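S.K.: Residue numbers for the sequence shown follow our numbering, beginning at 125 and rising by one.
Note that CB positions come from ideal geometry on N, CA and C, so glycine has one too.
Keep in mind the model is a prediction, meaning the values are calculated, not measured.
I'd like to ask you about the structure that follows.
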Amino acid sequence: MFQHCAIIGSGAMATGCAVILGQKGIPVSIWSRNEEHARAMQEERENKRQLPGIKIPDSVNITADMHQALEKADIIVAAVPTQFLRSALQKLAPALKSERPLVSVIKGLENGTLMRPSQVISDVLDQRSVVALGGPSHAEEFASGLPASVVAAGGDARLTRQVQELFNTDRFRVYTNLDIVGVELAGALKNVIAIAAGICDGLDYGDNAKSALVARGLVEITRFGTRLGAEPSTFYGLAGIGDLITTCISPFGRNRHVGERLGRGETLSQIVNEMQGVAEGVATTRSVHELALEREIEMPITDEVYEVLFSEKSPVEATDSLMMRPPKDE
């Protein structure tokens, strides 16, 4: 069993993971790149900016000193936005001992390289053992003690079971899966579909339209994932349909929130500038769109979300484009 965990990042998910582990009595160190934020969290025992109302256990230490955060850790949790993962790892690399495994709770694809989080970790840190934690897991809920179930996925079955044991509690149930490709792709692509679901909400299209969008979105995610080597069954589990449903309906979902405001006529720049935290789906849409074109994978919903985000296509026009596609078999 791991004796000390370091968490890279200080957002809602990072704090939620620290709460889960801290409540089990496991010493945790959170590393924040923002010294003022780290000091406030340490003194107030709360992340008032991104996870207000949740007490941080006393066994959790928050610091902006990378060496202090990492020196005792025998396992690392990466919990920063996808587009900042590489730079964070490069900064921390001198203090990261090579034998320490990493757990990624990141859901996205890196722009430019089109890499999954575990691939970025391996690229920067030279093939380190990585487990991805995926599934429906809004920190606002599980950190407050509401029941949740997630899946730990990795190519090393023994390490994956150790991560399962590390995080599993009577309120936070962890399953295992060897398909890290599928779990990471499901976690990334559901954010794109969530933006589309939010657009439905913003346009007041109702439950029928949104349900159809989620169902067809799952088909799209599965098509994309299997072409990249994932197991089809992964997309019908917690990391796939489970996380997709949560992200498309939850009031906590940043990606759905972005889509809803787009549907109401606001601009992307206005929405992003006013948000607390990062909506991973915006950057991920660009990566998925590029990768789908490269691999010649049909992704109609993703294509329309891309056009709305980056080509100033109106949400109504995007909806019309989807609804007027040639009829086909399901």
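Could you tell me which whole beta strand (DSSP E) segments of length 3 or greater appear in the region 162-244?
M.R.: Runs of the beta strand (DSSP E) inside the region 162-244: 184-187, 199-202 and 226-228.
S.K.: What's the C-alpha gap between C372 and G405?
M.R.: Distance between the alpha carbons of C372 and G405 is about 12 Å.
S.K.: Rounded to whole angstroms, what's the CA-CA distance from D247 to G279? Just pull it up for me.
M.R.: Going from the Cα of D247 to the Cα of G279 covers about 16 Å.
S.K.: CA-CA distance, V227 and L257?
M.R.: In a straight line, the C-alpha of V227 is about 7 Å away from that of L257.
S.K.: Go ahead and label A339 buried or exposed: buried means 16 or more other beta carbons lie within 10 angstroms of its beta carbon, across all protein chains shown.
M.R.: The residue is exposed, with fewer than 16 neighbouring Cβ atoms inside 10 Å.
S.K.: I need the straight-line Cα distance from G330 to G387, nearest angstrom please.
M.R.: Going from the Cα of G330 to the Cα of G387 covers about 13 Å.
S.K.: Determine the burial state of F434: buried for a count of at least 16 other Cβ atoms within 10 Å of its Cβ, exposed for fewer.
M.R.: Classification for F434: exposed.
S.K.: My understanding is that T206 touches A407, with C-beta atoms under 8 Å, so please give their C-beta distance in whole angstroms.
M.R.: Indeed they touch by this definition, with Cβ atoms about 7 Å apart.
S.K.: Output yes or no for whether 8 Å exceeds the beta carbon distance between L220 and V244.
M.R.: Not in contact: L220 and V244 (Cβ atoms no closer than 8 Å).
S.K.: Just to confirm my understanding: we take L249, look at its own chain, exclude 5 residues before and 5 after, and list those with CB closer than 8 Å. What are they?
M.R.: The answer, listed in chain order, is L213, A217, L220, S222 and L226.
S.K.: Excluding the five sequence neighbours on either side, which residues of its own chain have a C-beta within less than 7 Å of the C-beta of D303, listed in chain order?
M.R.: Closer than 7 Å at Cβ, skipping near neighbours: A277, A354, E355 and T358.
S.K.: In angstroms, rounded to a whole number, what distance separates the CA positions of R240 and A310?
M.R.: About 11 Å.
S.K.: Our contact map puts V429 next to I319 with C-beta atoms below 8 Å; I'd like the distance itself, whole angstroms only.
M.R.: Yes, they are in contact, since the Cβ atoms of V429 and I319 sit about 5 Å apart, within 8 Å.
S.K.: At the level of alpha carbons, what is the spacing between G135 and R347?
M.R.: Taking the straight line from one Cα to the other gives about 31 Å.
S.K.: Whose C-alpha, out of F266, G133, V305 and L392, is nearest the C-alpha of F466?
M.R.: In the structure displayed, the chain extends from 125 to 454; residue 466 sits before or after that span and is not available.
S.K.: With DSSP collapsed to three states, give me the class of Y430.
M.R.: Helix, per DSSP.
S.K.: What residue ranges within the region 267-332 form continuous beta strand (DSSP E) runs of no fewer than 3 residues, ordered along the chain?
M.R.: Complete beta strand (DSSP E) runs here, min 3: 272-277 and 296-301.
S.K.: Look up P156 in the DSSP assignment and say whether it is helix, strand or coil.
M.R.: Inspection of the sequence shows that residue 156 is occupied by Ser rather than by Pro. Three-state DSSP puts S156 in coil, outside helix and strand.
S.K.: Under DSSP, the alpha helix (DSSP H) around A136 begins and ends at which residues?
M.R.: Run containing A136: A136 to Q147, per the alpha helix (DSSP H) assignment.
S.K.: Tell whether a beta-carbon distance below 8 Å holds between G322 and R380.
M.R.: Closer than 8 Å, so yes.
S.K.: Please look up how many angstroms separate the CB atoms of A203 and A130, rounded, as I've assumed it's under 8 Å.
M.R.: Wrong, their Cβ atoms sit about 11 Å apart, outside the cutoff.
S.K.: If you draw a straight line from the C-alpha of S393 to the C-alpha of M125, how long is it?
M.R.: If I take the Cα positions, the gap works out to 45 Å.
S.K.: Are the beta-carbon atoms of G79 and L362 separated by less than 8 Å?
M.R.: The question about residue 79 has no answer, for the chain in this structure spans 125 to 454.
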